[in-house]
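Q: Per our numbering, the sequence shown starts with residue 4, numbered consecutively.
Glycine is no exception: its CB is placed at the ideal position from the N, C-alpha and C atoms.
One structure coming up, written as structure tokens, with questions to follow.
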Amino acid sequence: MKFFFVRDYSRKYRYFSAETLNQIKVKSSRWKEIWELAKKKLMLMPQKVLRQELAFGKALKLEEEKIQVFHAGQLEEKKIKSKFYFFLQRQRTKHIFLLTGEVLLLPISGLAVILPGPNVFFGYLALLMITHWQALKGINRLLMKEHEFIPSSFFRDWEQTLESNREESFGPILKKIEKEYNLQDIRKVLWR
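Here it is, written out as structure tokens:
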């Protein structure tokens with residue numbers, strides 16, 4: 004599994020994987036309607052955020068001791084390791100706060116059951132909590148793993164183009180990255 008740690012258009016680091024989005028399945032027909040509506044709402048999240056959450060969650064399935072992380076190669080290995088470590092620490096803190104807030108909202112969302120129709124708010128909140136919980140567990144696992152940082156000339160070109168503010172070059176570079184690493188809709192993750 005390939006992971007990437009690259010700056011986006013706003014110069015913030017993004018972490019994502021090359022795997023496509025997986026569908027979550029529910030067996031009960033009663034819950035299926037709520038679950039499907041909640042999944043549609045979840046997919047409306049910005050791709051930058053959603054892909055990062057899912058990449059963190061995929062770390063739970065990793066069995067390799069050393070995880071490959073592709074980056075632009077603009078920084079020395081010691082600095083990129085440090086940036087990645089502090090990035091993961093910030094993400095872990097953020098997820099703890101998010102889950103705390105969602106736990107506090109959960110009982111309130113349960114009160115919406117008295118309204119007619121499916122309780123989409125509860126379903127969305129539950130799905131969001133599951134996503135954040137899996138991401139938090141994945142972040143904790145990533146912190147315990149060893150990382151192999153691999154510089155990529157494609158991402159170096161991307162970050163150099165960012166620094167020079169040549170927006171007309173963003174599209175072609177992102178298409179090359181999509182083709183090289185078999186990424187879908189990378190433009191939504193790194194640009195807009």
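Near residue 123, which residues of its chain fall below 8 Å by C-beta distance, leaving aside the five closest residues on each side in sequence?
A: Here the set comprises 37, 40, 41 and 44.
Q: Straight-line CA distance for residue 10 to residue 161?
A: Each residue's alpha carbon lies about 9 Å from the other.
Q: Return the CA-CA distance between residue 3 and residue 78, expressed in angstroms with no decimal places.
A: Past the edges of the chain, shown from 4 to 195, lies residue 3, and the structure says nothing about it.
Q: Contact between the stretch 127 to 141 and the stretch 99 to 107: three or more CB pairs below 8 Å?
A: Yes, since at least three Cβ pairs between the stretch 127 to 141 and the stretch 99 to 107 fall closer than 8 Å, the two stretches touch.
Q: Jot down the residue ranges of each uninterrupted alpha helix (DSSP H) in the stretch 42 to 121, minimum 4 residues, whole runs only, in chain order.
A: Complete alpha helix (DSSP H) runs here, min 4: 50 to 61 and 80 to 113.
Q: Tell me, please, which residues DSSP counts as bridged to residue 10.
A: According to DSSP, which records beta bridges pairwise, residue 10 is partnered with 16.
Q: I'd like to confirm the pairing. Which residues does DSSP put opposite residue 162 in its beta bridges?
A: In the DSSP output, where bridge partners are listed per residue, residue 162 has none listed.
Q: Let me confirm a value: residue 111 is counted as buried when at least 16 other C-beta atoms fall within 10 Å, else exposed. Which label applies?
A: By the neighbour-count rule (16 or more Cβ atoms within 10 Å), residue 111 is not buried but exposed.
Q: Indicate whether residue 194 and residue 16 have their beta-carbon atoms separated by less than 7 Å.
A: No, the Cβ-Cβ distance between residue 194 and residue 16 is not below 7 Å.
Q: Taking the alpha-carbon positions, what's the residue 158 to residue 65 distance?
A: Going from the Cα of residue 158 to the Cα of residue 65 covers about 24 Å.
Q: Using the beta-carbon count (16 or more within 10 Å), is residue 116 buried or exposed?
A: With fewer than 16 other Cβ atoms within 10 Å, it is exposed.
Q: When you compare the CB positions of residue 62 and residue 144, do they come within less than 7 Å of one another, or not?
A: The answer is yes: Cβ separation under 7 Å.
Q: Report yes if the CB atom of residue 91 is closer than 7 Å to the CB atom of residue 142, and no otherwise.
A: The answer is yes: Cβ separation under 7 Å.
Q: In whole angstroms, what separates the C-alpha of residue 27 from that of residue 130?
A: Here the model assigns residue 27 a pLDDT of 48, short of 50, so the residue's position is not dependable and the matter cannot be decided.
Q: Residues in the same chain with beta-carbon distance under 7 Å from residue 109, minus the five sequence neighbours each way, listed in chain order, please.
A: 128, listed in sequence order.
Q: Quick check: residue 176 and residue 189, are their CB atoms within less than 7 Å of each other?
A: No, they are not a contact pair.
Q: Taking 6 Å as the limit between beta carbons, can you name the residues of its chain near residue 93, skipping five residues before and five after?
A: Within the same chain, residue 93 has no close Cβ partners at all.
Q: What span of residues does the beta strand (DSSP E) with residue 183 cover, start to end?
A: Here residue 183 belongs to no beta strand (DSSP E); instead the alpha helix (DSSP H) covers 173 to 184.
Q: Looking only at its own chain, which residues have a Cβ that is under 8 Å from the Cβ of residue 156, when we skip the five neighbours before and after it?
A: Counting only Cβ-Cβ distances below 8 Å, and skipping sequence neighbours, we find 76.
Q: Just to confirm, is the Cβ distance from residue 71 to residue 191 under 7 Å?
A: In this structure, residue 191 does not lie closer than 7 Å to residue 71 by Cβ.
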